[in-house]
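Notes follow the structure.
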Amino acid sequence: MSNALCRRLGIEHPVLLAPMAGEAAKPALAAAVSGAGGLGMLGCGYMTPQAVRDTIRAIRATTDRPFGINLFTPLDWTADPEKVVAYRAQLAAAHADLGIPEPDIPNKYEESYAEQLAVILDEAPPVFGCTFGIPGPDEMAALKARGILVVGTATTVAEAVALEAAGVDAVAAQGAEAGGHRGSFLVPFDAALIGTMALVPQIVSAVSVPVIAAGGIADGRGVAAALCLGAQAAAIGTGFLLADEAGLNMAYRGALQGGGVHDTVLTRAFSGRPARGIRNAFLERLAGSDAEIPDYPVANAMSRTMRAAAAKAGRAEYLSLWAGQAGALARAEPAAAILHRVMAEARQALVQAL
Ligand SMILES: Cc1cc2nc3c(=O)[nH]c(=O)nc-3n(C[C@H](O)[C@H](O)[C@H](O)COP(=O)(O)O)c2cc1C
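Numbering-wise (my numbering), the sequence shown opens with residue 27 and increments by one.
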């Protein structure tokens, strides 16, 4: 199953490990997917520049196959004092329940994108991916000059067109089913909730760069469908979260393997930016107070201590359980086995369909 994008990327199978910042962003996971013939993309958005560098080197130490690094392009945000106070009060109740000290106000809310990008330009991973926006013209030129292939994330046709005009080499079309944060940047979030089935063919028709389908694809049937819609590859996120190499904490794993995995919602409760995750008590409690949640990345940084303590204590009700709508299809297997199973299923699905 080779096509122009696979040849360009130098990969055997049209499947990507979708970039997932946070706990699953382990070099071993990306290296395993790349080593098995897919493209391991790692979400490094929350990492310090030094950790981004270490991550790239750790992947390179494990595999000589192509891989990619993904960052969050910076957003305009404010740390609205009233929202910070109100959100802190919500966190304080959770901290008390978890038996940890009262929440602090973090001294910084996000890592420096400029410094992270400087590491990308220095280390030159084969692929760079971004979400939440478009790299600026100088950044794009610098990435190209280093021979780095650039993938942008679109949740609407207009975003895909804008990314192509800015010079990306491929567009990841992220449907509303997708787990984690939404990449939307041109329209309000609720105007960008287009399902993968509708989004992918429209983006394929609108741009001339290759399209990668993402969102709700967690087995070979989904991969086959994405290819039939005109995508040249499928990105699987949630479907890799139970991979041995992802090493998720037990409460998160338990939630992905429990009945609640069928009940995902878009929430700002943990980070300030809409993201899809499994419904739990914390997000339910904040559902009525959306106006009091500060912007991303302020809320994200403020809730970090609660989430880390909850992971340690095995308390899923305080974790951001990011997952897509096809999360129930995820299997606990080594990442290479997931990739090979998915490819076998995709071949079978395509044969059966014909
Ligand atoms: C835990 C988690 C973290 C994510 N982090 C990122 C990220 O850092 N950058 C990004 O572009 N997309 C991120 N996403 C979105 C994925 O790249 C991808 O679009 C999504 O997982 C596809 O949908 P699926 O989960 O149904 O496979 C994340 C998704 C999850 C589940």
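Every residue gets a Cβ at the ideal spot worked out from N, C-alpha and C, and that includes glycine.
- Query: How many Å lie between H207 and Q374 at the Cα?
  - Reply: 32 Å
- Query: With 16 as the cutoff for other CB atoms within 10 Å, does C70 come out buried or exposed?
  - Reply: buried
- Message: For R311, report the span of its beta strand (DSSP E) as first-last.
- Response: Per DSSP, R311 belongs to no beta strand (DSSP E); it is in the alpha helix (DSSP H), 307-312.
- Query: Is it the case that the CB of I262 approaches a heavy atom of ligand 1 more closely than 8 Å?
  - Reply: yes
- Alpha carbon to alpha carbon, what distance is there between L68 and L365? 16 Å
- Query: Do you know whose CA, among S297, E271, A317, L147, lies nearest P53's CA?
  - Reply: E271
- Task: Mind the definition here: the region 119-131 touches the region 87-101 only if three or more C-beta pairs lie below 8 Å; say whether that holds.
- Result: no
- With distances taken from CA atoms, which of A337, Q142, G241 is nearest F266? G241
- Item | Where Q142 falls, given that 16 or more other Cβ within 10 Å makes a residue buried | By the Cβ neighbour-count rule, Q142 is buried, with 16 or more other Cβ atoms within 10 Å of its own.
- State buried or exposed for E203, treating a residue as buried only when at least 16 other CB atoms are found within 10 Å of its CB. buried
- Item | Helix, strand or coil at V59 according to DSSP, with G and I counted as helix | helix
- Task: Report buried or exposed for I229, applying the criterion of at least 16 other Cβ atoms within 10 angstroms of its Cβ.
- Result: buried
- According to DSSP, is G303 helix, strand or coil? strand
- Item | Classification of R276 by the beta-carbon crowding that lies within 10 angstroms, buried from 16 upward | It is worth fixing the name first, because residue 276 is Met in this sequence and not Arg. Classification for M276: exposed.
- Message: Is H207 close to ligand 1? I mean its beta-carbon at under 8 Å from any heavy atom of the ligand.
- Response: yes
- Query: Counting along the chain, where does the alpha helix (DSSP H) carrying G263 start and finish?
  - Reply: No alpha helix (DSSP H) contains G263, which DSSP labels as neither H nor E.
- Task: Ignore the nearest five residues each way along the sequence and tell me which others in C156's own chain have a CB closer than 8 Å to its CB.
- Result: Excluding positions up to five away in sequence, the list reads N96, L97, F98, T99, V176, V177, G178, T179.
- Query: With burial defined as no fewer than 16 other Cβ atoms inside 10 Å of the residue's Cβ, what is the status of Q378: buried or exposed?
  - Reply: That one is exposed.
- Item | Per-residue burial, V110 [other beta carbons within 10 Å of its own, 16 or more giving buried] | Classification for V110: buried.
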